[in-house]
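Student: In this note's numbering, the protein residues as written are 19 to 787.
Cβ atoms here follow ideal geometry from the backbone N, Cα and C, with glycine treated the same way.
Since this is a predicted model, take the numbers as computed values, not measurements.
Once you've had a glance at the structure underneath, I'll fire off some questions.
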């Protein structure tokens with residue numbers, strides 16, 4: 019009961035009121051004693067103050083959101099806890115796991131160049147591809163071991179903490195605690211069918227590990243950035259979290275920038291239409307946008323500086339999956355109508371809530387959510403019709419995750435505002451008067467009774483029902499998406515482990531995943547477990563950071579690739595043995611075979627017979643087409659190669675041999691690839707490793723010019739005699755130092771925020787009269 023309805027008197031005043039009549043004392047006796055001991059007790063006056071239920075509800079209203087968020091977070095732990103059962107499903111997850119393994123090994127031995135030989139002829143980790151998520155498991159694994167556990171933890175963390183990030187982000191946007199919790203709840207149980215979606219949608223199918231990290235922090239970064247734009251406060255965390263989102267995945271950063279720009283523009287348009295002028299509160303936003311945008315551009319330097327300076331080593335995206343262009347208008351509409359964007363695998367509660375929330379929802383946060391969300395939907399629809407760049411760096415389908423987040427947060431925020439409006443409707447308000455009029459038409463006696471309590475009961479019941487309809491089947495769908503290697507049919511893991519150990523004991527060489535043994539687990543777990551490199555990796559850092567990916571995709575000839583890429587080990591299902599190339603058997607298990615095919619070794623002498631055409635080495639460019647045409651001939655099997663323009667001229671037939679060659683860890687000044695060679699005349703020796711502008715070659719400790727030869731390997735000319743040839747990948751100091759831009763820019767934001775607060779404390783000077 020509210021304070022204004024409490025009695026004006028209390029028990030103390032009632033006892034001391036002199037006008038109140040009191041009963042005469044009863045004489046002692048058996049009857050009096052009996053009545054005092056066994057008789058009915060006198061009833062106390064009814065207390066109309068708040069009872070335990072009222073106080074509990076009031077406490078929950080004020081403080082219950084955070085405990086509820088804790089329960090939601092624990093539920094996420096339960097849903098995704100299956101990740102810890104083993105090597106988790108998701109194509110790129112195993113690729114990221116292998117890169118994390120390599121980075122952990124480099125950190126453990128002090129190799130800060132991070133050259134990664136695990137796949138695609140080798141590539142530079144942490145150079146062209148985001149690395150923050152991989153470091154989350156690589157760093158503790160380097161210190162404490164248990165790499166598999168730490169990688170599993172790094173998969174679970176963003177999924178579990180995403181609701182908390184959404185809650186904090188919405189609070190920064192101005193949402194009240196339970197409104198922010200509602201938005202976080204909707205986000206946690208937004209489920210799409212597309213493998214390119216956010217959260218578990220993409221994590222356990224394509225394995226969009228880095229995107230999951232980026233989008234988990236997206237609402238938090240959005241909240242801090244909006245708070246800075248509106249209030250001029252918290253610039254430092256806005257820079258820190260905005261940079262985190264961008265460095266975890268570039269599309270997260272692009273989506274964040276678009277969201278802020280569209281939110282600011284929407285605010286200007288709405289307020290100008292309403293007030294016919296720019297409000298004072300909005301006039302500071304353009305300057306704050308410039309400050310924030312400039313700071314984020316500097317802080318994300320590690321993500322773009324290497325692309326500008328060493329663009330020639332970037333592999334790009336010469337081959338995309340067909341559905342990465344985006345669904346188009348028709349398919350996107352079908353997705354929404356069938357609930358495949360927000361309600362996959364359950365009743366389409368959120369799908370139908372979306373138009374209701376869009377029309378009836380109110381809140382100052384919504385312009386920052388609806389406008390970008392609709393813009394992302396438009397980009398998805400336009401995707402198949404938009405032009406493509408040479409490297410196809412902007413596939414429209416990658417806006418799907420950001421759209422899901424915006425719609426989820428908007429639905430939760432708007433539905434809370436609608437429910438709160440109904441809850442607070444007074445007896446003489448429009449809602450209850452309309453409800454009473456409708457009941458009057460039915461002739462129901464209820465229309466004469468107070469209806470506010472009934473309306474609130476109905477709101478609570480509907481909310482509870484919707485929570486159950488969303489959470490229970492949603493939890494089952496998400497939990498069912500978690501699969502691990504050991505749970506696969508016939509559990510091939512023991513045989514995979516046995517073969518990986520056998521390959522680790524064999525002479526160095528790459529492994530090819532053949533028919534019957536070619537999924538992501540077969541491809542890269544051999545490197546995770548025993549550092550056995552694979553040949554082709556169709557995702558993760560090895561895709562865009564290696565210039566050889568296009569060639570590996572274009573020619574799938576086991577025998578030729580074994581020779582050209584020093585990939586002699588061919589792994590395949592035993593039932594495919596009759597169709598596989600002949601070779602020595604390395605190991606045979608119950609269901610699989612590994613054969614060794616002919617190969618010249620990691621380093622070998624070659625004959626440069628021609629030069630590629632001039633031009634940039636982009637997908638479908640003339641030089642790239644010429645290199646692929648060369649690859650399809652028998653010249654690679656004869657060690658006859660073409661040289662890239664600017665890397666020397668064709669030469670004579672080789673007059674040398676390789677005594678031995680090997681790959682090694684390269685802490686300090688140690689080389690990555692070493693060969694002992696003997697030449698009777700000047701000879702070009704090629705290392706079958708991806709070219710990069712930061713490779714250095716040394717002949718007997720003296721630096722020599724690195725040559726670039728087809729398909730995209732490193733080579734060096736060696737004079738007559740017996741020599742020690744070393745190839746070392748040397749990361750430039752500025753590539754590593756660029757990561758300091760992140761904390762330094764955040765410190766700039768912190769200093770500026772403090773200066774703004776200090777200025778606000780200085781009182782205005784008064785003019786003396």
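Our contact map puts residue 235 next to residue 91 with C-beta atoms below 8 Å; I'd like the distance itself, whole angstroms only.
Tutor: Wrong, their Cβ atoms sit about 15 Å apart, outside the cutoff.
Student: With a Cβ-Cβ cutoff of 8 Å, do residue 83 and residue 233 count as a contact?
Tutor: Not a contact, by the Cβ cut-off of 8 Å.
Student: Please list, in chain order, all residues of the same chain as residue 95 whose beta carbon is under 6 Å from its beta carbon, the five residues on each side excluded.
Tutor: If the five residues before and after residue 95 are omitted, its C-beta is found closer than 6 Å to the C-beta atoms of 178, all from its own chain and listed in chain order.
Student: For the segment 287-339, which segments carrying the beta strand (DSSP E) assignment without a break, of at least 3 residues, lie completely within its bounds, in sequence order?
Tutor: Counting only runs of at least 3 residues, the segment 287-339 fully encloses no beta strand (DSSP E) element at all.
Student: Using CA coordinates, which residue listed in 176, 212, 563 and 145 is at the minimum distance from residue 154?
Tutor: 176
Student: Would you list the one or two residues that DSSP bridges to residue 623?
Tutor: As a beta-bridge residue in DSSP terms, residue 623 pairs with 703.
Student: By DSSP's criteria, residue 605 is part of a beta bridge. Which residues make up the other side?
Tutor: 612
Student: Cα separation between residue 17 and residue 451?
Tutor: As displayed, the chain neither begins before 19 nor continues past 787, which places residue 17 out of reach and without an answer.
Student: Can you tell me the Cβ-Cβ gap for residue 741 and residue 672, rounded? I've got them flagged as a contact below 8 Å.
Tutor: Not really, about 14 Å apart at Cβ, beyond 8 Å.
Student: Okay, do the segment 274-282 and the segment 766-778 touch, 3+ Cβ pairs below 8 Å being the bar?
Tutor: no
Student: Please classify residue 772 as buried or exposed, where buried requires at least 16 neighbouring CB atoms within 10 angstroms.
Tutor: With fewer than 16 other Cβ atoms inside 10 Å of its own Cβ, residue 772 counts as exposed.
Student: I'd like the list of long-range same chain contacts for residue 718, defined as Cβ closer than 8 Å, with 5 residues on each side in sequence excluded.
Tutor: 741 and 742
Student: If contacts are defined as beta-carbon pairs under 8 Å, then residue 708 and residue 730 qualify, I think. What distance do you get, rounded to the angstrom?
Tutor: Their Cβ separation, rounded to whole angstroms, is 6 Å, which keeps residue 708 and residue 730 in contact under 8 Å.
Student: Using 8 Å for Cβ pairs, my map puts residue 122 next to residue 165. What's the rounded Cβ distance?
Tutor: The Cβ separation is near 6 Å, so the contact holds.
Student: Is the beta carbon of residue 201 sitting closer than 8 Å to the one on residue 427?
Tutor: yes
Student: Please determine if the segment 467-487 and the segment 336-352 are in contact, where contact requires at least 3 C-beta pairs separated by less than 8 Å.
Tutor: no
Student: Step through the CB atoms of chain C and report whether any lies within less than 8 Å of the CB of residue 203.
Tutor: The structure shown contains no chain C; it holds only a single protein chain.
Student: The alpha helix (DSSP H) that contains residue 490, what's its start and end?
Tutor: 470-498
Student: Excluding the five sequence neighbours on either side, which residues of its own chain have a C-beta within less than 7 Å of the C-beta of residue 259, listed in chain order?
Tutor: 235, 238, 239 and 242
Student: Closest to residue 215 by CA distance: which of 361, 737 and 250 is it?
Tutor: 361
Student: Tell me which residues share the same chain as residue 853 and place their Cβ nearer than 6 Å to its Cβ, disregarding the 5 neighbours each side in the sequence.
Tutor: Since the displayed the chain opens at 19 and closes at 787, residue 853 lies outside it and no answer follows.
Student: Let me know the secondary structure DSSP gives residue 770 once reduced to three states.
Tutor: helix
Student: Please confirm whether residue 591 and residue 253 have their CB atoms less than 8 Å apart.
Tutor: no
Student: Given this structure, state the Cα-to-Cα distance separating residue 748 from residue 685, to the nearest angstrom.
Tutor: 11 Å
Student: Within 8 Å, do at least three Cβ pairs link the segment 366-385 to the segment 313-331?
Tutor: The segment 313-331 vs the segment 366-385: no contact.
Student: Residue range of the alpha helix (DSSP H) that residue 455 falls in?
Tutor: 448-460
Student: Grab the span of the beta strand (DSSP E) containing residue 679 for me, first residue to last.
Tutor: DSSP places residue 679 inside the beta strand (DSSP E), whose first and last residues are 674-681.
Student: Residue 755 and residue 142 - do their beta-carbons sit closer together than 8 Å?
Tutor: no
Student: Since I believe residue 397 is in contact with residue 417 (beta carbons under 8 Å), could you give me their beta-carbon distance rounded to a whole number of angstroms?
Tutor: 5 Å
Student: Tell me the residue span of the beta strand (DSSP E) that contains residue 5.
Tutor: With the chain covering 19 to 787 only, the question about residue 5 has no answer from this structure.
Student: Taking a contact to mean a Cβ-Cβ separation below 8 Å, would you say residue 307 touches residue 400 in this structure?
Tutor: no
Student: Could you please give the first and the last residue of the uninterrupted beta strand (DSSP E) stretch that includes residue 214?
Tutor: It is not in any beta strand (DSSP E) - residue 214 carries neither H nor E in the DSSP assignment.
Student: In the DSSP assignment, find the beta strand (DSSP E) that holds residue 721 and state where it starts and stops.
Tutor: 720-722
Student: Between 618, 222 and 112, which lies nearest to residue 558 when the distance is taken from Cα to Cα?
Tutor: 112
Student: Given that a residue counts as buried once 16 or more other Cβ atoms are within 10 Å of its Cβ, and exposed if not, what is residue 597?
Tutor: exposed
Student: In whole angstroms, what is the alpha-carbon distance linking residue 323 and residue 264?
Tutor: 14 Å
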